[in-house]
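K.L.:
My questions all concern the structure below.
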Amino acid sequence: MKILNVFLVITMAFSAMPAIGNTLHSKPVHNTSATGLSENATDGYYVVKFKNKAVHQSIVDAKKASVGSSVEAQSYGQGVIASLNAEHKRTLVLGADLLKVNLQGKSADHMLIELMNSGQFEYVEKLQIYRPFEFDETEYNDESYSYQRYFGNWSHDLKEGSGFAQMRSSTVNNLGRKVRVAVIDTGSYRHEDIDFVGGYDFVTYEGVDDDGNIIETERDPDPTDEYFNEETGETCNNGHGLAVSSMIAAKANNGTGMVGAVDADMVEIVPVRALGCDGGSNTDIMEGVLWAAGESIEGVPDIEEPVDIVNMSLGGFTNGGCPKWEQDVFDRLHELGVTVVVAAGNENTNVVDVIPASCTRVITVAATDERGDKAEFSNYGEKVDISTFGTNVLGAFLSTTEDDQYSIGGGTSYSAPLVAATAASLRLKYPSLTPEQIESIIKSSAADNSEFDGAETVCGRRDCGTGILQADIVIAAINNASQVTSYHVAHRYEGYDSEGDETWLDEMSAYVNACQLVKYQWGNLGTEVDGVSYKLFLSQNGGEKTELETITIPQKVIELPKNSILSVQACVDGNCGEMLDMPADNLAYPAVCESSAE
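So this is what it looks like as structure tokens:
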């Protein structure tokens with residue numbers, strides 16, 4: 093067993109959009125050179141949803157019908173598609189279809205507009221390709237658990253600490269089974285330190301041929317991370333999915349390798365191979381996600397048991413943020429109670445046009461370094477929810493020449509599975525928690541890294557979410573709910589300084605004293621949890637505390653009189669903890685309210 097120094101990242105996917113034509117492409121571990129990827133390979137492929145549901149349904153019915161009875165069913169749907177000079181490639185979940193349209197010399201963007209203007213579709217979105225990036229091989233070293241410094245508790249001197257040792261020891265399996273985590277990635281690979289359960293190969297996209305045509309392949313039950321082209325003799329393996337999986341569930345106390353963030357005896361890793369040698373299409377990826385959550389996918393046997401958590405250490409660029417069809421997928425997983433964790437990406441750019449990081453109902457994870465600040469490569473922005481360690485991280489590594497290797501590397505691909513592991517531990521200990529509650533507890537328990545020692549950090553300027561993941565605080569948050577020791581306070585309209593904002597605040601003042609509205613959040617839950625309530629008290633000029641109300645959500649917007657202090661007392665099943673005073677000092681008032689601050 094050896095440790096290899098590598099840099100594990102995800103590249104953001106190829107897209108046909110001209111604005112991102114210089115996107116990097118992956119170079120997996122190849123035994124022969126791979127075919128180059130044409131920048132326009134996916135032009136003409138569109139994910140669409142017909143306004144007339146009968147069109148989609150007729151195609152579905154035609155595929156289910158026998159050959160002798162399908163002509164009438166085919167005629168309607170195929171007739172509509174033929175009128176668009178298009179070929180139907182595949183029916184997709186959630187009522188969508190994948191079409192290949194003859195561009196007739198027009199640009200893919202021009203054709204997209206024409207298709208939308210036809211009036212046939214609710215939406216038209218270009219097929220996109222996502223990719224993991226290459227491993228940068230360097231030298232071999234001895235393995236050591238000491239590399240996993242994120243297992244220590246966070247402190248001023250250990251800013252890469254996220255408390256995973258304490259989280260592991262505090263996790264109790266109340267779920268009655270192992271928690272199931274789907275890793276949507278390059279698939280599984282044999283390794284001494286990680287076991288996989290089930291899975292499926294969803295890859296239908298295997299790059300392009302010399303003529304620029306997409307090479308299609310069949311889905312199959314084997315999610316192993318390997319590929320062989322019978323025509324060219326090309327073989328390749330990647331290893332990205334193996335490394336990501338090891339972060340979550342590598343075996344502990346087996347005398348070798350590394351330790352997973354979750355006890356391997358409590359978790360099942362379900363490998364969903366959705367990225368091939370040349371990346372993967374968003375249709376393959378999203379159908380893999382839905383399959384893992386228990387949805388039926390045409391031509392694929394249903395999963396034996398749906399997963400609880402989905403990890404997606406992959407992504408791509410797109411103009412305009414999260415595509416409608418992909419957001420529909422995440423909305424569906426939300427309905428099914430599945431928590432989704434995604435990597436923010438490694439281009440040192442705002443995630444607003446990065447997918448799936450810019451989608452809602454996912455937990456988007458940035459990477460931090462040994463200083464507790466944004467890793468140099470990590471993406472950032474308001475869409476980021478949380479950050480955690482992502483540099484010089486130990487992970488299992490795939491080699492075509494030696495078995496059972498490990499690597500030291502970095503990237504948000506490493507950060508996301510640490511958050512996924514934290515979500516899995518919450519699911520084990522508190523099976524009734526919803527995805528919103530899991531996300532809220534994770535975000536509310538973070539260590540603030542917007543400034544250190546009074547100096548604003550890069551995360552403070554660019555936004556790395558609520559702070560650095562604190563897995564030990566997350567897993568103890570509900571048990572310790574009656575012990576409120578921290579709070580955040582700000583003016584309700586902080587930052588409302590434009591001319592339009594000032595006009596709006598003036599108008600608001602006719603109904604409420606907007607300049608005295610203050611917003612509070614306290615504790616480490618951030619969300620309503622059964623059995624937990626909060627008593628609020630108000631005192632003025634140091635006088636007696638007057639009880640205001642009892643609420644169940646740990647946040648409040650209140651019109652706060654001058655020289656007043658709001659206090660909170662948390663109660664769990666009627667047993668209340670100590671009261672916490674929450675002074676609202678040094679608030680940043682909007683310009684129109686500056687007189688209120690005096």
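All letters in the sequence shown, in the order written, are residues 93 to 690 by our numbering. Where a beta carbon is used, it is the ideal one built from N, C-alpha and C, also for glycine. Treat the numbers as computed from the prediction; the structure is a model and nothing was measured.
Measure the C-alpha to C-alpha separation of VAL566 and TYR506 and round it to an integer number of angstroms.
P.N.:
19 Å
K.L.:
What do you reckon, are the CB atoms on ILE389 and GLU379 nearer than 9 Å?
P.N.:
yes
K.L.:
Classify GLU636 as buried or exposed, calling it buried when 16 or more other Cβ atoms lie within 10 Å of its own Cβ.
P.N.:
Exposed, by the Cβ-count rule.
K.L.:
Are the region 501-517 and the region 455-470 in contact at 8 Å, needing three or more beta carbon pairs?
P.N.:
With a cut-off of 8 Å, the region 455-470 and the region 501-517 count as touching, because enough Cβ pairs lie within range.
K.L.:
Entirely within the region 359-413 and at least 4 residues each: give me those alpha helix (DSSP H) ranges in chain order.
P.N.:
374-384
K.L.:
Thinking C-alpha only, which one of ILE533, ALA384 and GLN562 is nearest GLU252?
P.N.:
GLN562
K.L.:
Since GLN196 contacts HIS180 with CB under 8 Å, what's their CB separation in whole angstroms?
P.N.:
Their Cβ separation, rounded to whole angstroms, is 18 Å, which puts GLN196 and HIS180 out of contact at 8 Å.
K.L.:
Could you give the uninterrupted runs of the beta strand (DSSP E) lying entirely in the region 412-456, keeping only those of 3 residues or more?
P.N.:
431-435
K.L.:
Hey, out of GLU670, PRO646 and GLY352, whose CA is closest to SER261's CA?
P.N.:
GLY352
K.L.:
Throw me the rounded Cβ distance for the ARG519 and LEU525 pair, which I believe falls under 8 Å.
P.N.:
Between ARG519 and LEU525 the beta-carbon gap is near 7 Å, inside 8 Å, which marks them as a contact.
K.L.:
In whole angstroms, what is the alpha-carbon distance linking SER578 and GLN258?
P.N.:
20 Å
K.L.:
Is it the case that the region 419-427 contacts the region 534-542, given that we only count it when at least three CB pairs across the two stretches are under 8 Å?
P.N.:
no
K.L.:
Applying the criterion that 16 or more other CB atoms from any shown protein chain within 10 Å of the CB defines a buried residue, is ASP135 buried or exposed?
P.N.:
Buried, because 16 or more other Cβ atoms sit within 10 Å of the Cβ of ASP135.
K.L.:
Below 9 Å between beta carbons: does that hold for VAL140 and LEU191?
P.N.:
Yes, the Cβ-Cβ distance between VAL140 and LEU191 is below 9 Å.
K.L.:
Since CYS414 and SER373 are thought to touch, with beta carbons under 8 Å apart, how far apart are those beta carbons, to the nearest angstrom?
P.N.:
That belief does not hold up - the Cβ atoms of CYS414 and SER373 are roughly 16 Å apart, past 8 Å.
K.L.:
For HIS248, write down the residues that DSSP places opposite it in a beta bridge.
P.N.:
In the DSSP output, where bridge partners are listed per residue, HIS248 has none listed.
K.L.:
Bridge partners for LYS141 per DSSP, in chain order?
P.N.:
TYR215
K.L.:
Could you check the C-alpha separation between ARG182 and PHE294 for me, to the nearest Å?
P.N.:
Spanning the two alpha carbons is a distance of roughly 13 Å.
K.L.:
Going by DSSP in three states, PHE469 sits in which element: helix, strand or coil?
P.N.:
Of the three classes helix, strand and coil, the one that applies to PHE469 here is coil, per DSSP.
K.L.:
Can you tell me where the alpha helix (DSSP H) holding ASN209 begins and where it ends?
P.N.:
It spans 200-209 - the alpha helix (DSSP H) in which ASN209 sits, taken as one unbroken run.
K.L.:
Note down the Cα distance separating ILE306 from GLU387, rounded to an integer number of angstroms.
P.N.:
27 Å
K.L.:
In the DSSP assignment, find the alpha helix (DSSP H) that holds HIS332 and state where it starts and stops.
P.N.:
332-341
K.L.:
Within 10 angstroms of the Cβ of HIS332, are there 16 or more other Cβ atoms? Answer buried if so, exposed if not.
P.N.:
buried
K.L.:
What does a CB cutoff of less than 8 Å around HIS583 pick up in its chain, not counting 5 residues either side in sequence?
P.N.:
LEU609, VAL610, LYS611, LEU679, ALA680, TYR681, PRO682 and CYS685.
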